[in-house]
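Chains as they are written, first to last, in the numbering used here: chain B, 1 to 306; chain Y, 1 to 306. All residues carry an ideal CB built from backbone N, CA and C; glycine is no exception. Working notes, beginning with the structure itself.
Number of protein chains: 2
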Amino acid sequence: MSLLVIGSVAFDAIETPFGKTDKIIGGAATYISLSASYYKKPLNLVAVVGGDFPKSDIMLLQQHGVDTLGLQIKENEKSFFWAGKYHNDMNSRDTLVTELNVLGTFDPVIPEAYQDCKYLMLGNLAPKVQSTVINRLRKRPKLIVMDTMNFWMDIAYDDLMETLSMVDVLTINDEEARQLSKEYSLVKAAKKILAMGPKYLIIKKGEHGALLFNQEKVFFAPALPLEEVFDPTGAGDTFAGGFIGYIANHDDISFETMKNAIIYGSAMASFCVEKFGTERLINLSENQIARRVQDFIDLVQFEIKL
Amino acid sequence: MSLLVIGSVAFDAIETPFGKTDKIIGGAATYISLSASYYKKPLNLVAVVGGDFPKSDIMLLQQHGVDTLGLQIKENEKSFFWAGKYHNDMNSRDTLVTELNVLGTFDPVIPEAYQDCKYLMLGNLAPKVQSTVINRLRKRPKLIVMDTMNFWMDIAYDDLMETLSMVDVLTINDEEARQLSKEYSLVKAAKKILAMGPKYLIIKKGEHGALLFNQEKVFFAPALPLEEVFDPTGAGDTFAGGFIGYIANHDDISFETMKNAIIYGSAMASFCVEKFGTERLINLSENQIARRVQDFIDLVQFEIKL
Chain B
1 MSLLVIGSVA FDAIETPFGK TDKIIGGAAT YISLSASYYK KPLNLVAVVG
51 GDFPKSDIML LQQHGVDTLG LQIKENEKSF FWAGKYHNDM NSRDTLVTEL
101 NVLGTFDPVI PEAYQDCKYL MLGNLAPKVQ STVINRLRKR PKLIVMDTMN
151 FWMDIAYDDL METLSMVDVL TINDEEARQL SKEYSLVKAA KKILAMGPKY
201 LIIKKGEHGA LLFNQEKVFF APALPLEEVF DPTGAGDTFA GGFIGYIANH
251 DDISFETMKN AIIYGSAMAS FCVEKFGTER LINLSENQIA RRVQDFIDLV
301 QFEIKL
Chain Y
1 MSLLVIGSVA FDAIETPFGK TDKIIGGAAT YISLSASYYK KPLNLVAVVG
51 GDFPKSDIML LQQHGVDTLG LQIKENEKSF FWAGKYHNDM NSRDTLVTEL
101 NVLGTFDPVI PEAYQDCKYL MLGNLAPKVQ STVINRLRKR PKLIVMDTMN
151 FWMDIAYDDL METLSMVDVL TINDEEARQL SKEYSLVKAA KKILAMGPKY
201 LIIKKGEHGA LLFNQEKVFF APALPLEEVF DPTGAGDTFA GGFIGYIANH
251 DDISFETMKN AIIYGSAMAS FCVEKFGTER LINLSENQIA RRVQDFIDLV
301 QFEIKL
């Protein structure tokens with residue numbers, strides 16, 4: 001029942017109204033892995049970093065049960081680097097720097113030991129790289145979850161469509177769902193996107209929660225109302241990590257299990273935004289997670305007898 | 001256990017991407033009353049219209065169990081008139097015309113028969129008019145719910161603060177909560193607003209649902225994801241009407257009952273936006289409402305055993 005995570009492992013430099021960081025560990029696969037590690041260990045990682053990536057950060061992942069056999073280290077190159085600055089509302093941000101570096105030529109090699117992959121999480125990457133991973137797995141995983149972003153809709157639409165046709169679950173945000181479907185209504189957008197291939201669609205609405213669609217049903221999970229969002233970086237990836245980790249742990253892909261997985265993913269995301277970068281995801285206890293999930297239950301559950 | 005509704009009864013002219021209307025019946029108290037009428041009959045109305053207001057529209061209210069003894073008709077004056085045009089996203093609108101007419105000098109006279117008021121719903125009006133109603137009731141109602149808008153924060157702040165200190169529940173939208181509290185975080189905004197007087201605060205987030213706060217607890221109700229929002233006019237008032245109607249019907253003001261009332265209010269609002277103006281609120285069946293509430297249950301309920 002192995003879980004395989006693909007995506008960027010990188011440096012981020014983040015500025016929010018609350019402060020700024022130097023280069024810290026970031027990247028979609030980092031957040032996904034740390035979050036999923038609370039539900040499923042070990043998990044396998046395929047990613048690439050440069051020689052500048054600290055051994056201590058790789059050890060951090062290993063300490064969370066991440067197998068790094070599939071983490072390529074290109075000694076003479078530099079790691080992917082992103083710098084961004086959030087506006088006061090924390091809902092919009094400017095990208096200040098994007099240095100692809102090792103990611104520009106990333107060839108996702110799957111170690112033989114990872115071929116037993118049952119659950120595959122494709123973090124945001126070029127869709128061509130994502131489909132290459134699927135094609136290099138000799139046996140199709142039980143569930144393939146894919147994250148993407150508007151950037152690929154703009155510059156790699158055909159690749160994106162091809163990869164979309166190969167996956168089971170797509171996670172994107174509301175604006176991206178609208179762009180991809182050319183529909184403003186998220187219900188209409190979901191219908192169109194489900195016709196592109198995925199059997200399930202998760203639309204992430206940030207502070208407004210998340211929607212899960214399949215052809216027949218829809219489920220909504222709120223975001224936890226927070227006093228302060230300190231740093232939203234990685235929240236979507238952390239959500240995806242909790243989602244796939246919960247599903248892999250329960251080894252069940254029913255709609256009911258996906259609903260619970262979305263609650264757990266939302267709980268993990270609510271931790272992520274409380275501190276800079278991955279800081280809040282490092283030392284969570286089972287008790288803390290259970291209490292946070294209880295907060296979600298208290299937030300939305302009601303008793304109406306019809 | 002009488003329910004008293006105060007607010008505007010008026011003409012609206014609405015333009016959306018789907019079409020436009022001539023002058024049709026509108027106004028906060030109209031939507032509130034029609035919506036509440038599905039839960040609590042009869043209900044009492046204090047409002048004012050001009051001689052131009054059609055008898056057929058007054059009969060429409062009466063047919064829904066609205067007592068119109070408190071509806072003043074100023075034969076030689078004109079009814080309040082609002083015209084607005086919604087943008088393509090349906091989330092923003094331009095006001096094209098606002099003619100206060102009879103509303104400019106509205107003196108809310110409470111008929112003696114309405115003095116037994118147990119539940120009072122103050123629809124959006126000048127805060128001074130709202131507080132006048134409270135002061136003219138000899139016995140304080142069991143629950144006073146007040147709606148307001150940013151306009152009064154701008155031009156009648158002191159009056160608004162005074163009225164706020166007299167009510168139990170305030171309903172406002174997210175932008176108004178931020179303006180009133182000068183806090184971006186809705187959790188922080190809620191704390192500040194609850195310190196202004198109300199024991200409960202409902203923050204309406206339109207397509208993103210609604211939050212109910214008291215000092216200790218928070219509850220979230222989603223909006224139903226809809227294929228099409230045809231006309232959002234009156235959705236907030238319809239929500240408030242379902243909320244107060246449900247509470248008056250159950251004669252209980254516990255947090256648990258308020259949670260259910262918010263789901264029923266949300267269900268009523270989801271009907272309201274499906275057609276122009278009040279059209280969808282005219283002939284709903286108990287079955288239709290029950291099915292819609294079931295949609296809300298299906299949308300958010302999940303089973304996690306901690």
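Y:S181 counts as buried, since at least 16 other C-beta atoms from the protein chains shown sit within 10 angstroms of its C-beta. Within the stretch 246-272 of chain B, the residues whose Cβ lies closer than 9 angstroms to any Cβ of chain Y are, in chain order, E256, K259, N260, I262, I263 and Y264. In the DSSP secondary-structure assignment, Y:A10 is bridged to Y:G26. For the 8 angstroms CB-CB criterion, B:P222 and Y:V218 do not form a contact. The three-state reading of DSSP puts Y:E256 in helix, counting H, G and I together. Across the stretch 184-201 of chain B, CB contacts with chain Y closer than 9 angstroms involve Y184, S185, L186, V187, K188, A190 and K191, in sequence order along the chain. In summary, B:H64 is buried, with 16 or more beta-carbon neighbours lying within 10 Å of its beta-carbon over all protein chains present. Taken through DSSP and simplified to helix, strand or coil, Y:I282 comes out as coil. Interface criterion not met: the Cβ of Y:A235 is under 8 angstroms from no Cβ in chain B. Proximity of chain Y to B:L284 at the Cβ level (cut-off 9 angstroms) is not reached, the minimal Cβ distance being about 15 angstroms. When DSSP states are grouped into helix, strand and coil, B:N150 belongs to the helix group. The stretch 175-262 of chain B is shown to contain whole alpha helix (DSSP H) runs of 4 or more residues at 186-194 and 235-250, in chain order. Cα atoms of Y:E256 and B:Y200: separation of roughly 33 angstroms, rounded to the nearest angstrom.
In this structure, B:V129 sits away from B:V145, with a CB-CB distance that is not shorter than 8 angstroms. When DSSP states are grouped into helix, strand and coil, Y:Y157 belongs to the helix group. B:A126 carries a coil assignment under DSSP once its states are collapsed to helix, strand and coil. When C-beta atoms of the stretch 63-78 of chain Y are compared with those of the stretch 39-53 of chain Y, three or more pairs fall below 8 angstroms, so the two segments count as touching. Shown here, B:T68 sits in coil according to DSSP, grouped into three states, outside any helix or strand. Nearest Cα to B:D158 within the set B:N135, B:Y184, B:P141 and B:S131: B:S131. In the structure shown, Y:L143 adopts extended strand secondary structure according to DSSP, grouped into three states. For a cut-off of 8 angstroms, the C-beta gap from Y:F243 to Y:G209 is around 14 angstroms, too long to register as a contact. Taking C-beta separations shorter than 8 angstroms and ignoring five residues to either side along the sequence, the partners of Y:S165 in its chain run M196 and G197, following chain order.
Per DSSP, the unbroken alpha helix (DSSP H) holding B:K55 starts and ends at K55 to Q63. Spatial neighbours of Y:R136 in its own chain (CB-CB distance under 6 angstroms, excluding positions within 5 residues in sequence) are listed in chain order as I110.
Between B:G206 and B:N91, the C-beta spacing is below 8 angstroms. Under the Cβ criterion (8 angstroms, minimum of three pairs), the stretch 228-235 of chain Y counts as touching the stretch 15-35 of chain Y. Interface annotation, Y:P222: in contact with chain B, CB-CB separation under 8 angstroms. With fewer than 16 other Cβ atoms from the protein chains shown falling within 10 Å of its own Cβ, Y:A113 counts as exposed.
Among the residues of the stretch 201-213 of chain B, those with a Cβ less than 8 angstroms away from any Cβ of chain Y are K205, H208, G209 and L211, in the order of the chain. For Y:S56 and Y:A248, the gap between their C-alpha atoms comes out near 27 angstroms.
Chain B places a beta carbon closer than 8 angstroms to that of Y:I297, counting this residue as a contact. From the beta-carbon of B:D94, no residue of chain Y is found nearer than 7 angstroms; the closest lies around 18 angstroms away. Of all residues in the stretch 22-33 of chain B, none comes within less than 7 angstroms of chain Y when Cβ atoms are compared. The beta carbons of Y:K142 and Y:K118 sit closer together than 8 angstroms. Contact check between the stretch 8-16 of chain Y and the stretch 259-273 of chain Y: fewer than three CB pairs, one atom from each, fall below 8 angstroms, which does not count as touching. Listed as beta-bridge partners of B:V169 by DSSP are B:V145 and B:Y200.
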